[in-house]
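Read the structure below first, then the notes.
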Amino acid sequence: MKLGIIGKPQSGKTTVFNAASGQQEAVGDFSQAVHRAIIKVPDDRVDQLAEIVKPKKVTYAEIDFLDAPGFTGKGKATDKFELNPEIRFMEALMMVIDAFSADSDPSGDIQVLIDEMILADMTVLENNINKKQKKIKVTGDKSEVADLELLKKCYAQLEAEKLLIDLDLDESQEKSLRGYTFLTQKPLLIVLNLSEDDIASAAEIEQKYASHVKPEKCELVALCGKMEAELVALDDEEREMFMTELGIKSPAVERVVQKSYALLGLISYLTAGDPEVRAWTIRRGTVAQKAAGVIHSDIERGFIRAEVTAFDDYMEHKTPAALKAAGKSRLEGKEYRVCDGDVILFRFNV
Ligand SMILES: Nc1nc2c(ncn2[C@@H]2O[C@H](COP(=O)(O)OP(=O)(O)O)[C@@H](O)[C@H]2O)c(=O)[nH]1
Ligand SMILES: [Mg+2]
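Oh and the sequence shown: position 278 is 720 in this note's numbering, straight run, nothing missing.
So, in C-alpha cells, the structure goes:
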C-alpha cells in the first residue's frame with residue numbers, strides 16, 4: 443500500500459513521517475526535500491504465529507510512505523504551486539494538520555487543503571475536457587462521448603465543492619477515471635498534530651472533529667507528532683517507561699497505520715510456512731485465487747485450493763496435524779472470500 447503525506451508547510455509532515463517510520467529527517471526547515479520509507483504494519487498475530495512456528499524469517503505487511511511537500515497551504519494555486527507528481531500515484535493520502543501552534547486553525551486548514559486538492563483536480567479535468575472535445579470534433583469519434591460526459595460530471599462535482607470520492611460511480615466509470623489519478627478520489631486520513639499539552643485529551647479532540655469521518659473514505663486521528671517521534675527514537679525499555687509515565691498504552695503511530703488500513707478496506711491473511719511467517723495485504727472481499735496472486739502470479743494461475751484455518755483455531759491447536767484432527771482446517775475453492783487473519787496454505791499446480 444502506498445500512503446502519501448500532504449499538508450501546509452510547517453504543519454509537522456516530516457515530524458509525523460519520522461514518528462511513523464523511525465527515520466530522523468530534519469524538521470523545521472523549509473526545504474522541499476522528499477522523504478520515503480517502508481513501514482512495517484505492527485501485527486500481534488504475526489508475532490504469536492511466529493512463536494508457535496519458529497520460522498527463520500518473519501515478515502510484516504508493509505506501507506510505502508512518502509513525504510513530498512508541495513501544497514501551498516493557501517487554498518489556491520500560486521506560481522510556486524507544484525505538486526510532486528508522485529503524490530498522484532499514492533493509494534491514500536495522509537493530511538497533517540497543525541493543531542499544536544498557538545494560532546492554529548485546524549478546521550480552516552482542513553478546508554484550505556481540500557480546496558487545494560479540488561483545484562488541482564479541476565485543472566487536470568479542464569485540460570482533459572478540452573482535449574476530448576477537440577478530439578471528438580475532429581474525428582467524430584462517438585466512443586469518447588460517454589467519457590467526456592463523465593469528466594463533465596466530475597467537474598460539476600468539484601465546482602460544487604464536493605469530492606470525487608463521494609460521487610456514485612459504477613465499476614466501469616471508476617476504471618475510466620483511474621488513469622487521471624485525481625487527488626479527491628483517494629481515501630484520506632486526517633492527522634491532527636497536537637501539542638504536548640493536549641496528548642491526554644486526544645480522544646476528546648478526535649470526537650470534536652468526528653464529523654469529518656466517513657467510513658472507507660475519510661478517517662481522523664489526533665496525536666502529538668513531536669512526542670511520537672521522540673518515542674520511536676528510544677530503545678524498547680525506555681519507551682515502555684516513557685509511555686507508562688505519559689499514561690499511553692501504545693504509540694499512536696500504530697493506530698495511524700491501522701486506520702490507514704481500514705480506510706483502504708485492507709485486511710491481512712497469514713502464511714505460516716517453515717522458512718517464513720508472513721502477513722499479506724489484500725482488499726476486504728478478495729477471493730482466494732486473487733489473494734494467492736499477492737504471493738506469486740503462478741500460485742494464482744495454478745490455484746487448486748486453499749487450506750484455511752482461522753487464526754484463533756491455529757493458536758489453540760498449534761500444528762497442522764492437530765488442526766486437521768480437530769476438523770479446524772478447511773478446504774476452500776477459488777471463490778472463497780478470505781477473512782482477516784485467515785492462516786492459509788495454497789495448493790497449486792503450474
Ligand atoms: N509542539 C509541537 N511542535 C511540532 C509538532 N510537530 C511538529 N512540530 C514543529 O513544527 C515545525 C515544523 O515541523 P516539520 O515536521 O518540519 O513540518 P513540515 O514542514 O510539515 O514537514 C518543527 O519545528 C517541529 O518541531 C508537535 O506535535 N508539537
Ligand atoms: Mg517537511
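Just so it is clear, CB atoms sit at the ideal spot from N, CA and C, and this is done for glycine as well.
All values reported here derive from a predicted model rather than from experimental measurement.
query, result
"Can you tell me whether D489 sits near ligand 4, meaning its C-beta is under 7 Å from at least one heavy atom of the ligand?", "Looking at this structure, you won't find ligand 4 anywhere; what it does contain is ligand 1 and ligand 2."
"Run the proximity test for K450: is its beta-carbon closer than 7 Å to any non-hydrogen atom belonging to ligand 2?", "no"
"Under a three-way DSSP split, which group does K584 fall into?", "helix"
"Give the single residue among V554, E658, T501 and S771 whose Cα lies nearest to the Cα of R487.", "T501"
"With a CB to CB cut of under 8 Å and the five nearest residues on each side skipped, what residues in its chain are close to T581?", "none"
"Of the residues V699, I539, Y597 and I786, which one's Cα is nearest the Cα of A421?", "The shown model of the chain, from 443 to 792, leaves out residue 421, and the question about it has no answer."
"So is the beta-carbon of C666 under 7 Å away from any non-hydrogen atom of ligand 1?", "yes"
"I'd like to confirm the pairing. Which residues does DSSP put opposite G446 in its beta bridges?", "L508 and L535"
"To the nearest angstrom, report how far apart D521 and K498 are at their CA atoms.", "For D521, the predicted model reports a pLDDT of 49, less than 50, meaning its position is unreliable; a value from the coordinates is still stated below. Computed Cα separation, rounded: 54 Å."
"Indicate the three-state DSSP secondary structure (helix, strand or coil) for A645 in the structure shown.", "helix"
"Of all residues in the structure, which have a C-beta closer than 6 Å to any heavy atom of ligand 2, taken in chain order?", "K455, T456 and P511"
"Taking DSSP as the reference, what is the three-state secondary structure of H759?", "helix"
"Ligand 1 heavy atoms versus the CB of S643: any closer than 7 Å?", "no"
"On the CB-based measure, 16 or more other CB atoms within 10 Å of its CB, does V587 come out buried or exposed?", "exposed"
"So the candidates are M443, E777, E758 and G667; which of them puts its Cα closest to the Cα of E504?", "M443"
"Do the CB positions of L593 and K574 come within less than 8 Å of each other?", "yes"
"Answer with buried or exposed for M537, where buried requires no fewer than 16 other C-beta atoms within 10 angstroms of its C-beta.", "buried"
"Looking at C-beta atoms only, is the number of pairs between the region 509-519 and the region 738-757 that lie closer than 8 Å three or more?", "no"
"Is any heavy atom in ligand 1 found nearer than 7 Å to the beta carbon of L688?", "no"
"Contact defined as beta carbons within less than 8 Å: I believe V476 pairs with Y703. What is the distance between those atoms, to the nearest angstrom?", "With a Cβ gap of about 24 Å, V476 and Y703 do not count as contacting."
"Are there 16 or more other CB atoms within 10 angstroms of the CB of V698, so buried, or fewer, so exposed?", "buried"
"So for L676, helix, strand or coil by DSSP?", "coil"
"Nearest by alpha-carbon distance to Q637: which of S543, G783 and A492 is it?", "The displayed chain sequence assigns Ser, not Gln, to residue 637. Cα-wise, what sits closest to S637 is S543."
"Return no unless some Cβ of chain B is closer than 8 Å to the Cβ of D640.", "In the structure shown, chain B does not exist; there is a single protein chain."
"Can you tell which of Q490, E528, G470 and K450 has its C-alpha closest to the C-alpha of R478?", "E528"
"May I ask you to check if the CB of E672 is nearer than 7 Å to at least one heavy atom of ligand 1?", "no"
"On the DSSP bridge list, what partners appear for H654?", "Answer is none; H654 lacks a bridge partner."
"Taking all protein chains shown into account, decide if F788 is buried (16 or more other Cβ within 10 angstroms of its Cβ) or exposed.", "buried"
"For H738, is the classification buried or exposed, using 16 other Cβ atoms within 10 angstroms of its Cβ as the cut-off for buried?", "exposed"
"Can you list, in chain order, the residues of its chain whose CB lies under 6 Å from that of A694, leaving out five sequence neighbours each side?", "L665 and E670"
"Run the CB neighbour count on D610, radius 10 Å, all protein chains shown included, and call it buried at 16 or more, exposed below.", "exposed"
"Is the beta carbon of N569 within less than 7 Å of some heavy atom of ligand 1?", "no"
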